[in-house]
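In what follows, a structure is listed as structure tokens, so that the remarks can point back to it.
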Amino acid sequence: MKRNHYLFVSLFLLAAGTLGGCSSKEATSATGDQVILVGTQNDYPPFAFADDNNELTGYDIEVVKAIDEKLDGYEFEFVAVPWDSMFLALESNKIQAIADQVAKTPERQAKYLFTDESYFAAETVIAVKSGREDIQTVEDLEGKAVGALAGDSYTLLLEEYNETAKTPIDLKYSESGNPSEILQDVQNGRVDAYVNDPIMIDAVLEKNDLGVEIVGQPLVNDDMGIVLKNGEQGEELKALVDPILEQLKQDGTLAKLSNKWTGGEYIPE
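With mature numbering (1 follows the signal peptide of the UniProt record, and there is no 0) as the guide, the letters of the sequence shown map in order to residues -21 to -1, 1 to 248.
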């Protein structure tokens, strides 16, 4: 079995040029493997977050590690990147892949390279202050203040809704880029609601003991894929990673990891 080293690299090192100026073909590990820098958030439990030892962990992290165990010639190292900088880091080659619950939307697939195989099936729900009864559907959000993160699939859904809405949703874009802070804003009444993944929401609510609850039915369902840097190396990696993801799905590894981190099997068919 190949020897793996997992590195938690802070973004300021990339910005300073320590790693940002070299391609992964130029970066090799001690074993001679090509290093692929994988961007992910450090505050999106239970998928990608920093634990008490400040090490990245979570479902997405362990999926990538499971892929790396079966992939010779490459070594994955994790880079903590804020969501609003994630795709810019990919485009500028500061990272060569993203594993961060990225939904495979048509717009993103037209611009970025996704694995054909998805590794998680996510829902989109509405969260409001506990006891609030006037919001159940996306139509109920019209004219109300809703917390948002620029560029994520949940915000894009609401932005698209606003294009035809009689009364647009008042999207309040977070400066911190931190979902837990938006959920605190929901509890404190600074915004009326937040739209995101129910598993992440439940994890944050439990950790922070917030008076927020999920209401109504899921708005949409999305399949999540690994995003790779466009180009020859990305295409090469995609051809190698897709069969491994399929294998991890068939042998039950993804289901096992999903149960471990989310309490259920949310694996695309």
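All C-beta atoms, glycine included, are put in the ideal place defined by N, C-alpha and C.
Measuring only from the beta carbon, is residue i closer than 6 angstroms to any heavy atom that is part of the ligand NAP?
i, result
"K208", "For the ligand NAP, the structure offers nothing, since it holds no ligand at all."
Apart from the five residues just before and just after residue i, which ones in its own chain have a Cβ nearer than 8 angstroms to its Cβ?
i, result
"P197", "E102, T103, V104, P177"
"L128", "W62, D63, T134, Y152, S153, G156, P158, I161"
"L137", "V117, L120, V125, A127, I148, L150, V174"
"G11", "none"
"L69", "G18, Q75, A76, I77, Y91, V206, K208"
"residue 296", "One cannot answer for residue 296 here, as it falls past the ends of the chain, which runs -21 to 248."
Express the C-alpha separation of residue j and residue i in angstroms, rounding to a whole number.
i, j, result
"L67", "F55", "19 angstroms"
"D47", "I148", "42 angstroms"
"V199", "K239", "24 angstroms"
"T143", "S109", "29 angstroms"
"residue 267", "S237", "It is not possible to answer for residue 267, since the shown part of the chain is limited to -21 through 248."
"Q226", "Q88", "23 angstroms"
"D51", "V165", "46 angstroms"
"A29", "A59", "9 angstroms"
"L207", "F93", "6 angstroms"
"L216", "K73", "17 angstroms"
"L184", "D230", "33 angstroms"
"D79", "L35", "12 angstroms"
"V43", "N141", "36 angstroms"
"I223", "Y53", "13 angstroms"
"L189", "L16", "34 angstroms"
"G210", "M65", "18 angstroms"
"V107", "D131", "19 angstroms"
"T241", "T7", "34 angstroms"
"L219", "E96", "11 angstroms"
"T146", "E139", "13 angstroms"
"S71", "I193", "37 angstroms"
"L(-11)", "K49", "Reliability fails at L(-11), whose pLDDT of 44 lies under 50, so the model's placement of it is uncertain and no value is given."
"I114", "G195", "8 angstroms"
"R111", "G122", "16 angstroms"
"K228", "A82", "18 angstroms"
On the DSSP bridge assignment, give the partners of residue i in chain order.
i, result
"A29", "L35"
"T103", "V199"
"Q13", "T7, Y53"
"residue 266", "Since the first and last residues shown for the chain are -21 and 248, residue 266 lies out of range."
"K108", "V191"
"V125", "L150, A172"
"T19", "A59"
"residue 265", "Nothing can be reported for residue 265, as the shown portion of the chain is limited to -21 through 248."
"A76", "V17, L207"
Using C-beta distances below 6 angstroms, list every residue in its chain close to residue i, excluding the 5 sequence neighbours before and after it, in chain order.
i, result
"F99", "M203, Y245"
"K235", "none"
"G213", "L92, L207"
"E248", "none"
Less than 7 angstroms between C-beta atoms, sequence neighbours within five positions excluded: which residues of the same chain meet that for residue i?
i, result
"T232", "A45"
"K4", "Note that K4 has pLDDT 45, beneath the 50 cutoff, so the model's placement of it is unreliable and no number is given."
"A39", "Checking the sequence, you will find Asp at residue 39 rather than Ala. Hits under 7 angstroms: T19, F26, A27, A78, D79, Q80."
Mind reading off the beta-carbon distance from residue i to residue j? Whole number of angstroms is fine, and I expect it under 8 angstroms.
i, j, result
"P24", "A182", "4 angstroms"
"F57", "M179", "Contact doesn't hold; Cβ gap of about 18 angstroms is too wide."
Any beta strand (DSSP E) of 3 or more consecutive residues that is wholly inside the region 143 to 174: Listed in chain order, the complete beta strand (DSSP E) runs (minimum 3 residues) inside the region 143 to 174 are 149 to 152.
Contiguous beta strand (DSSP E) assignments of at least 3 residues, all confined to the region 32 to 74: List check, beta strand (DSSP E) in window: 53 to 59.
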